[in-house]
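Here the structure comes first, spelled out in structure tokens, and everything after it is commentary.
Protein chains in written order, with my numbering: chain A, 233 to 389; chain B, 12 to 323; chain C, -19 to 389; chain D, 40 to 166.
Structure (structure tokens):
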């Protein structure tokens, strides 16, 4: 029973809803689909019990009808758990994880700036990564955003 | 009348000071480059820098006090220039000497540091104010050991006039060994005065851009640069006159050669120290000066008192 | 928090910073009381641009995220795409990729050693380390055809092979570099002026590292034994034995020791790679259209753990590319390290995490619609714009002795 | 043995050594053999398959068909990033990298290098 399956087993015991949603893609990579409702408990369980002590990154996705957010957690010896949650497109809202990881505010500010997903409980501070003079509610990473894309010449012909 | 004009403008005066200052800077930069395994600048680089700076636009910050801002560099330049008249260059005789001209020379060589402070403080920019404050803090750390060691040497010679000091020491040549600790203290103080590497915190490039010179550009900056170069030559010739007084009354031409070699020796010492030491933080610099340099200066004082008792 | 007298703007342009970022230091006297970091100036829209180009073209774009660690980003991206496409790379390609990765680590650490020397005012160290760095740059130019952007990776392997007569040249270069690095290790540890400037500053305790998620040599200098090459081996690191250098000085001096130690390890790794270089092809045929899937790949860049997330939608263009550079994780710790330190320590502490802000920002600030491209700013217009921009940041030059507020604090 | 100025012997030795730097514009600098510099195009072996145009990350290369079997290639040096992906993708080896790296120019028009079949048989650049 490799370490990854062990973790998968514990997760499924604790949260029966996840039983078919966890895939061990390859050594040291576990992908899990978690609904927004019970995300906080899964997140807390993973950090406290399964000692995923490091949050390496937070990725924001524009998945058409919903916004996806992936939390990449990893343990000291390299196993990575990627928790994927979705939030509705019309009024997206996720709550912050800076209480567990103070350094996560940079990753969350990226969600706010680039995808327009407001993060509740984010401490006040400089905006990142877009400049202050960036026009309001323009979110570059959304698929329907039509800025001056650097399309290379071959396509424009 | 013509003789004094010649002395003021040509020999130990304006022309000689500028040319020797620029030559000293060239030698310093070329040695520094060669020691870092680089080719280094061509011989005319310092001259080219000066000409470029004189041609550049002079920008005076809006909130700076423009009168002080423009006058202060000229003051530094003038102070160093006048100190040339009192330093016995290659033989005992100086242009004008009176009892106490040692104090005048030491005072004239301190004025540039004060002008760095005034220039930096009245430019009202954050970087230059921090740089100005630092140069004043540093002034106390190296000035007092310098005064103690030089006055100890003067006390042994029982006079305060530079030419009589050199006459006295050229008679008792073995006293040079006694004054060696004083020479070490004076070299360290000269490095501090010129704000060269280990003590260049007031113009630390990576912390406060250029310290008190941040807001300067064009002619004022050229005057400041020239003042520092000339101070290098003036300081080295003062040290050579007091601490290496051998061969002072031989035939003028070899005498002048010997003087140039002595100044070159001091400039080489300074550029070696600039190459091999990292820049000290301001608190480390003060600890170093009061922990090591000041005790050596006091040791020099005690030594001179002891020897004075012996030979008088 | 108004216990400061004035603000020193270590602004977007400053001699201490190699790339644009703003540290507004709240100072009282020489002590730093607080700090307000603003990033995002070097933002070039690489993630959005990646969605508009094919995978092969993206490789060259991802490679330009950063000048010094270009191979790290290219390999990380290529690994993710190969994982999605399920490609089984030939062994020789993995070994060559590891070789170029280690050569890049040498060139990056030697560059850092020089920059650290420059930050503490010791330019001789800069001149000597950068002279020796030329040796490894020439080797890289010999192997890959370019000194900096090597572009040796392609989807499914590498583009150039290592010929037999190149190997002795590499080994000779490695021997001279090893002897030079031993000399620099001796200088960095025994020169009291350097150690005085490096030790005791930028302190980061062991649990602070874990709390702030710091990565790379900065974390390893505080005793945290984490190295992606060991924890999550990729390319050929599984078959090479090397040890992870850690140190427990927890300060800039410790980081210097860790980086010099890693240089020595890199020489050991390169010798093993060249000794065990297997025969065989260097690429495997990669499909132009990558099947639907997603992958997360990690790489130990010279500055720390670099993470790429790629999601593909079956076409020949990726659906989403996420790059998290090591510096983004480390920069949060700088405010922690600089609490109550002197202003003179600021450049060396910032340089100690070896920041690479072009990695961190990696997005374009696309010109806004209202300003048409042809407006050139005249000199006075630029001056007023910069004064107004700085006053918006809370740094008012008009009258320095009155206290002024910084945004966000 | 810890004392300040550890590099003094190395520093004094290099006083008498040859400098490591060379004064570049006056001394020619040589790039290694397979350096990826300015591109070179052989119109006779090109079959106009446009793979290079598709693969170029910055759209720097365009191929025009003058007559059958005769193609003209135009490389915009301001857009080219010298990654030599086109050299790899070309099935007929019509493109190759040269060692030339001094490509700075004063006017942009000179940077549009046009390789034309008729005027330059041996694909000399008509810049």
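Backbone N, C-alpha and C define an ideal beta-carbon position, used for all residues, glycine too.
{"Asked": "Could you please give the first and the last residue of the uninterrupted beta strand (DSSP E) stretch that includes residue 293 (chain C)?", "Found": "Looking at the DSSP string, residue 293 (chain C) is not in any beta strand (DSSP E), and its letter there is neither H nor E."}
{"Asked": "Taking residue 426 (chain C) and residue 231 (chain C) to be in contact with their CB atoms under 8 Å, please state how far apart those CB atoms are, rounded to whole angstroms.", "Found": "Only positions -19 to 389 of chain C appear in this structure, which leaves residue 426 (chain C) out of reach."}
{"Asked": "Which residue wins for smallest C-alpha separation from residue 261 (chain A), given the options C:63, C:44 and C:368?", "Found": "C:63"}
{"Asked": "Using the Cβ count rule (16 or more neighbours within 10 Å means buried), how would you classify residue 313 (chain B)?", "Found": "exposed"}
{"Asked": "If you measure beta-carbon to beta-carbon, which residues of the segment 195 to 218 of chain B are closer than 8 Å to chain C?", "Found": "208, 209, 211, 212, 215, 216, 217 and 218"}
{"Asked": "Closer than 7 Å, CB to CB, is residue 283 (chain A) near chain C or not?", "Found": "no"}
{"Asked": "Return the residues of the segment 13 to 38 of chain C that lie within a Cβ-Cβ distance of less than 9 Å from chain D, sorted by chain order.", "Found": "33, 34, 36, 37 and 38"}
{"Asked": "Where do the ends of the beta strand (DSSP E) carrying residue 298 (chain A) lie?", "Found": "298 to 306"}
{"Asked": "Quick one: using the 10 Å Cβ neighbour count with 16 as the cut-off for buried, is residue 30 (chain B) buried or exposed?", "Found": "exposed"}
{"Asked": "Tell me which residue opens and which closes the beta strand (DSSP E) that residue -10 (chain C) is part of.", "Found": "-14 to -10"}
{"Asked": "Note down, in chain order, each residue of its chain lying with its Cβ closer than 8 Å to the Cβ of residue 27 (chain B), except the 5 sequence neighbours on either side.", "Found": "21 and 95"}
{"Asked": "Around the Cβ of residue 388 (chain A), are there at least 16 other Cβ atoms within 10 angstroms (buried) or fewer (exposed)?", "Found": "Note on residue 388 (chain A): pLDDT 33, under 50, position unreliable in the model; no value is reported."}
{"Asked": "List the endpoints of the continuous beta strand (DSSP E) containing residue 6 (chain D).", "Found": "The structure shown does not extend to residue 6 (chain D), since chain D is modelled only from 40 to 166, so the question has no answer here."}
{"Asked": "What residue range does the beta strand (DSSP E) around residue 75 (chain B) cover?", "Found": "Here residue 75 (chain B) belongs to no beta strand (DSSP E), and DSSP marks it neither H nor E."}
{"Asked": "Could you tell me which chain B residues have their CB closer than 8 Å to the CB of residue 98 (chain C), listed as they occur along the chain?", "Found": "217"}
{"Asked": "Count the other CB atoms within 10 Å of the CB of residue 350 (chain C); is the residue buried (16 or more) or exposed (fewer)?", "Found": "Caution is warranted here: a pLDDT of 40 is assigned to residue 350 (chain C), below 50, making its placement in the model unreliable, and the coordinate value is therefore given only provisionally. Per the 10 Å Cβ criterion, exposed."}
{"Asked": "Note down, in chain order, every chain C residue with its Cβ under 8 Å from the Cβ of residue 63 (chain D).", "Found": "Here the premise fails: no neighbours, minimum Cβ distance about 13 Å."}
{"Asked": "Please report the straight-line C-alpha distance between residue 139 (chain D) and residue 125 (chain C), rounded to a whole angstrom.", "Found": "12 Å"}
{"Asked": "Answer yes or no: do residue 112 (chain C) and residue 160 (chain C) have a C-beta to C-beta separation smaller than 7 Å?", "Found": "yes"}
{"Asked": "Comparing the C-beta of residue 165 (chain D) with each C-beta of chain B, is any distance below 7 Å?", "Found": "At residue 165 (chain D), the pLDDT of 41 sits below 50, so the modelled position is not reliable; the number obtained from the coordinates is stated separately. It does not; no Cβ of chain B falls within 7 Å."}
{"Asked": "Using 8 Å as the threshold, is the segment 317 to 326 of chain A in touch with the segment 264 to 284 of chain C, meaning 3 or more CB pairs across them?", "Found": "no"}
{"Asked": "Within 10 Å of its beta-carbon, does residue 54 (chain D) have 16 or more other beta-carbons around it, so buried, or fewer, so exposed?", "Found": "exposed"}
{"Asked": "Which bits of chain C does residue 40 (chain B) rub up against, with CB to CB less than 7 Å?", "Found": "Those within 7 Å of residue 40 (chain B) in chain C number zero; the least Cβ separation is about 12 Å."}
{"Asked": "Rounded to whole angstroms, what's the CA-CA distance from residue 39 (chain D) to residue 97 (chain C)? Just pull it up for me.", "Found": "Since the displayed chain D opens at 40 and closes at 166, residue 39 (chain D) lies outside it and no answer follows."}
{"Asked": "Return helix, strand or coil for residue 350 (chain C), following the three-state DSSP convention.", "Found": "Confidence in residue 350 (chain C) is poor, its pLDDT being 40 and thus under 50, which makes the residue's placement unreliable; the coordinate value appears in the next sentence. Correct three-state label for residue 350 (chain C): coil."}
{"Asked": "Nearest-angstrom Cα distance between residue 23 (chain B) and residue 56 (chain D)?", "Found": "37 Å"}
{"Asked": "Taking its Cβ as the centre, do 16 or more other Cβ atoms sit within 10 Å of residue 292 (chain C), making it buried, or is it exposed?", "Found": "buried"}
{"Asked": "Going by C-alpha to C-alpha distance, which of A:325, A:308 and A:303 sits closest to residue 315 (chain A)?", "Found": "A:303"}
{"Asked": "Using a beta-carbon distance cut-off of less than 8 Å, what residues from the segment 160 to 191 of chain C approach chain B?", "Found": "171, 173, 174, 176 and 177"}
{"Asked": "At which residues does the alpha helix (DSSP H) containing residue 106 (chain D) begin and terminate?", "Found": "Where residue 106 (chain D) is concerned, there is no enclosing alpha helix (DSSP H), although the beta strand (DSSP E) it sits in stretches over 100 to 106."}
{"Asked": "Measuring CA to CA, which of C:258, C:369 and C:331 is closest to residue 69 (chain C)?", "Found": "C:258"}
{"Asked": "Whose C-alpha, out of D:69, D:47 and D:119, is nearest the C-alpha of residue 48 (chain B)?", "Found": "D:47"}
{"Asked": "Residue 279 (chain C) and residue 88 (chain C): beta carbons closer than 7 Å?", "Found": "no"}
{"Asked": "Taking C-beta to C-beta, are residue 109 (chain C) and residue 83 (chain C) nearer than 7 Å?", "Found": "no"}
{"Asked": "Taking buried to mean at least 16 other C-beta atoms within 10 Å of its own C-beta, is residue 293 (chain A) buried or exposed?", "Found": "buried"}
{"Asked": "What distance in whole Å lies between the Cβ atoms of residue 288 (chain B) and residue 44 (chain D), which are believed to be in contact at a cut-off of 8 Å?", "Found": "6 Å"}
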